Structures are given as structure tokens and as C-alpha cells.
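Residue numbers (the working numbering): 19 to 454.
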């Protein structure tokens, strides 16, 4: 069996990782590039690196997917890279998914890489089955392609009037006591033959700098992601979750931008949304963590990204004896920030009211280390391409509470879509500067 050899080199210049994405996408059908921007973030951002080629893989649909992942990672402790699709909810609870889906990802897929290049302690570390010097030379000689200028606009699957009416129906569910909060999303798509998603990703990075960005390829399915949110991280025996709830747009004028940020901080609605999800996350972590170990390290933290200000909280806990990494993930999945509360009922309503299945959107992309640590993002602010049906798509949403104003929720979706539209060469539909 081929195994990787480890080598260390001086860090190359910033263009190396851009070239590495283009190179890997051209040569391998299993690629995960972890692409964090430089942020001071509690418990750190994603590790920066690129994994490609598969020595071994595991793919599964909801039913026995988490068990298949557990068997693979236990039998071969190593770096494993891949994704968890939203429909794994059907494995965890008595739920179903019948709506159409534009994407073609398996519910779960992971690979053990032939090549793993990453930054560590000021060096470029290469674990590879091939000559690492040759890999560096190949990557450095890869030309960067031009960014897309204009691609066909992605069309909404839900007309604005229908979206507003659905928000009102969801508010009625809340008034009736069915749920407290529900994350309602809408999808945009277009048919585009022969799309180079590496070029799309490079454009997305230009417009959106986030701590958990990623480029992901799994056979003929792609994701170009600019996620600002961490789902779950394991560091030793500690679990870390950092849900986002609360959004305000940025403004070019510094004074107005600061007012929007202050407005987010003081918004009772946004704080209530965030607090509900923090309570849900605490409950999810309690399934895996020792009694009394769960701590809310930060509540209502404000963080600014290129298009939006976000309200982010940090919840941590320490694992019970005997709980594996895969079990901890499964017990917290899917993340409460993308469902609402109570979790099972809102997932039923999501299936009822959202016309498109979420697929990888609202799932997670990330990795396991050889020691069993892991780090996974929340798949939001991401573009998906399915080469089988030639569909490019993205989904955006917001948290609906009884205090929601339908027009403001619609405007929040536009704000969240802005970077993705710019990456495609489209002029974003301007949202109101008073979303919140």
C-alpha cells in the first residue's frame, strides 16, 4: 500500500495556494482546499492547506453513513477530508427528503489523500506519495487563469411574493407554538455548460475573505465556499461550536457602517435569535460532553466580514469518556444555526416549505487528523456546480422568528448572496442599508 512521506519547506508566496487549487482541480477528482483568510478568531480559523487524490475513500447515503465513516477512520487513523450533507438528518431522526435537488453530492463522502500540503509553524509541510520537490515545481509552473467576467445570472426558484407569503405562514407556525425559530432558505440556479469552478473560487476569494472558506471537489461535483461559520471543532478532549445568528450589511461609509454594527449589537430580535441557537447548541453538545463542562465562552460577539457584520457565540465542552469523534459530530448534526428550534419540528417544516432539497448546503466540510481531532465549517455562502446536469446553484436564508418582517428577511438573503453574485460577474441586487 502506498503511504505518504513527510517533508518540510520554506513558505512560498501567496500565489502558491491559488495555483495549487488550479493544479489540483486539473489533475484530481478528490480535492479539498482549506482557504482561511487572516482573521483573529476564537479557537483559530481553518488550517490552510490542500488535500488531493484518494488513497482510500468512503461514500454513503443517509442510513449507515456515520457508521461507515466511523469504521473507515478507526481502521486507518490518518488525515481524512470530506463532507457531511444536510440530509444526514434522516439518519439521525425519523425524517425524510423528497424535494428535488440540483446538486449530486453523496450524503457523506471522505477521502484519505495521496497529497496533503499545509502550513504549519511557519513552513510548508508536504505529505505525499510522490517527490515533493516535483509537486512544488508543478504547482509553481501552473498559470493562473483569468477570472470570469460575466456568467448567466442565477434565477430564484421562489418568486419574491411567494417568499414573503411563506415567511408569513412560518410566523403563524411560531404564533401557534409549533416552533420558536426556523431557518428558511431559497435557491438560485442556472444551467452553465463546462464551468471551471477553480476560476469561480478564485473570484469568490477576491470578494469574500472568511475564516472557513474552502474549495471542494468530489468527482463531478464542486463547491466554492466562503463560509464565516464553524460547525464543530475537536481539540484534544474539548469540543468547540461557534453558531452565527444575527446579520447586518456593511456600508462603504465608515460612520454608517459603525451604526449598522451597533444596531446589530442592540437588536433584541437578533440577540433573541442568537440566544435560542446557543441554547440549542448547548443541548447538542450535552449529548457528548461531561456534565457541568459546557461553557458559553462568548455570547453575542460581533465580527465583521467584507459584506456583513455577524453575531457569533462560542460554546465549548469536554467529551465524556468513550465518545468518539464521529459520535460527537453525529450527535450535534445538523447544526442548529441552520435549522432552528425545536430541531426536529423545524426540519419537518423546512422539508414542507422549501421547494429544493439543501444537499451539501447547510451541511459541513472539513477534516479529521490522525489523532482524532477535527474541524468542520457550516456550508453557507457557497456556490455548487453539478457537471452531470450542468447546474450552478447557491442557497441563502435567514432565521424567521415571530418578530420577523418578511421584507427585511428577503433583504438579508440578498446581502448574503452579494459576494457569490460578484464572483460570477453579476451586479448584485442592492439590499436596503436598513436590513437591521
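Heads up, the beta-carbon is just placed ideally off N, CA and C, and yes, glycines get one too.
Values in this document were obtained by computation on a predicted structure and should not be read as measured data.
Can you name the residues that DSSP bridges to residue 267?
Per DSSP, the beta-bridge partners of residue 267 are 326.
Could you say which of 163, 243 and 162 lies nearest to residue 399 if we only look at CA atoms?
Per the C-alpha coordinates, the member of 163, 243 and 162 positioned closest to residue 399 is 243.
Classify residue 274: buried if its beta carbon has 16 or more other beta carbons within 10 angstroms, exposed otherwise.
Exposed, since its Cβ has fewer than 16 Cβ neighbours within 10 Å.
Label residue 456 either buried or exposed according to how many other C-beta atoms from any shown protein chain fall within 10 Å of its C-beta, with 16 as the threshold for buried.
Any answer about residue 456 is impossible in this case: the structure gives the chain only from 19 up to 454.
Applying the criterion that 16 or more other CB atoms from any shown protein chain within 10 Å of the CB defines a buried residue, is residue 454 buried or exposed?
For residue 454, the predicted structure reports a pLDDT of 38, less than 50, and the residue's modelled location is therefore unreliable. A value from the coordinates is still provided. Counting Cβ neighbours within 10 Å, residue 454 comes out buried, since at least 16 surround it.
Cβ-based burial, residue 332 [other Cβ within 10 Å; buried from 16]
So residue 332 ends up on the buried side.
Spatial neighbours of residue 328 within its chain, please: CB distance less than 7 Å, with the 5 preceding and 5 following residues excluded, ordered by chain position.
These residues qualify, in order along the chain: 246, 262, 264, 265 and 321.
On the premise that residue 66 lies in contact with residue 134, defined as a C-beta separation below 8 Å, what is that separation, rounded to the nearest angstrom?
With a Cβ gap of about 12 Å, residue 134 and residue 66 do not count as contacting.
Buried or exposed: where does residue 217 fall if 16 or more other Cβ atoms within 10 Å of its Cβ makes it buried?
If you draw a 10 Å sphere on the C-beta of residue 217, you find 16 or more other C-beta atoms in it, and that means buried.
Cβ-based burial, residue 375 [other Cβ within 10 Å; buried from 16]
Counting Cβ neighbours within 10 Å, residue 375 comes out buried, since at least 16 surround it.
Closest by CA to residue 63, which one among 114, 405 and 394?
The residue with the shortest Cα to Cα distance from residue 63 is 394.
Please identify the residue among 371, 307, 365 and 391 whose C-alpha is closest to the C-alpha of residue 111.
The candidate whose alpha carbon is nearest that of residue 111 is 365.
Taking all protein chains shown into account, do 16 or more other C-beta atoms lie within 10 angstroms of the C-beta of residue 43, making it buried, or fewer, making it exposed?
Residue 43 is classed as buried because its beta carbon has at least 16 other beta carbons within 10 Å across all chains shown.
The alpha helix (DSSP H) spanning residue 154 covers which residue range?
It spans 150-158 - the alpha helix (DSSP H) in which residue 154 sits, taken as one unbroken run.
Given a cut-off of 8 Å, decide if residue 301 and residue 121 are closer than it, judged by their beta-carbon atoms.
Result no, Cβ atoms of residue 121 and residue 301 do not sit closer than 8 Å.
From this set, 118, 113 and 382, which residue's C-alpha is nearest residue 52's C-alpha?
Measuring C-alpha to C-alpha distances from residue 52 to each of 118, 113 and 382 identifies 382 as the nearest.
Please return the same chain residues whose Cβ sits closer than 7 Å to the Cβ of residue 294, not counting the five positions on each side in sequence.
Around residue 294: 198, 199 and 359.
Comparing alpha-carbon positions, which option in 433, 373, 396 and 411 lies nearest residue 202?
Selection 433, 373, 396 and 411 evaluated against residue 202 yields 373 as nearest (Cα-Cα).
Rounded to a whole number of angstroms, what is the C-alpha to C-alpha distance between residue 253 and residue 299?
C-alpha separation (whole angstroms): 18 Å.
Does DSSP classify residue 192 as helix, strand or coil?
Three-state DSSP puts residue 192 in a helix.
If residue 132 and residue 147 are in contact, beta carbons under 8 Å, what's the gap, nearest whole angstrom?
For residue 132 against residue 147, the beta-carbon gap comes to about 5 Å, under 8 Å, which counts as contact.
Using DSSP with H/G/I as helix, E/B as strand and the rest coil, what is residue 358?
In the three-state reduction of the DSSP assignment, residue 358 falls in the strand class.
Could you tell me the distance, in whole angstroms, from the CA atom of residue 229 to the CA atom of residue 326?
C-alpha separation (whole angstroms): 14 Å.
Measure the C-alpha to C-alpha separation of residue 85 and residue 408 and round it to an integer number of angstroms.
Each residue's CA atom was taken as its position, placing residue 85 and residue 408 some 32 Å apart.
Rounded to whole angstroms, what's the CA-CA distance from residue 286 to residue 97? Just pull it up for me.
The alpha-carbon of residue 286 is positioned some 43 Å away from that of residue 97.
So, residue 68 versus residue 38, is the Cβ gap smaller than 8 Å?
For residue 68 and residue 38, yes; Cβs fall inside 8 Å.
Do residue 162 and residue 36 have their C-beta atoms within less than 8 Å of each other?
A Cβ-Cβ contact shorter than 8 Å links residue 162 with residue 36.
Output needed for residue 451: all residues of its chain with C-beta closer than 8 Å, excluding positions within five of it in sequence on either side, in chain order.
With a pLDDT of only 45 at residue 451, under the threshold of 50, the placement of this residue in the model should not be trusted; the figure read from the coordinates follows. Within the same chain, Cβ atoms closer than 8 Å to the Cβ of residue 451 are found at 267, 269, 274 and 278, the five residues on either side in sequence being excluded.
Residues that residue 114 bridges to, as DSSP identifies them
Residue pairing from DSSP leaves residue 114 without any beta-bridge partner.
Where residue 97 sits in the DSSP three-state scheme:
Coil.
Close-in-space but distant-in-sequence residues of the same chain around residue 109 (CB under 7 Å, 5 per side omitted):
These residues qualify, in order along the chain: 80, 81, 83 and 84.
Beta-ladder partner(s) of residue 28, from DSSP:
As computed with DSSP, residue 28 is found in a beta bridge with 141.
Put residue 379 into one of helix, strand or coil per three-state DSSP.
Coil at residue 379, not helix or strand.
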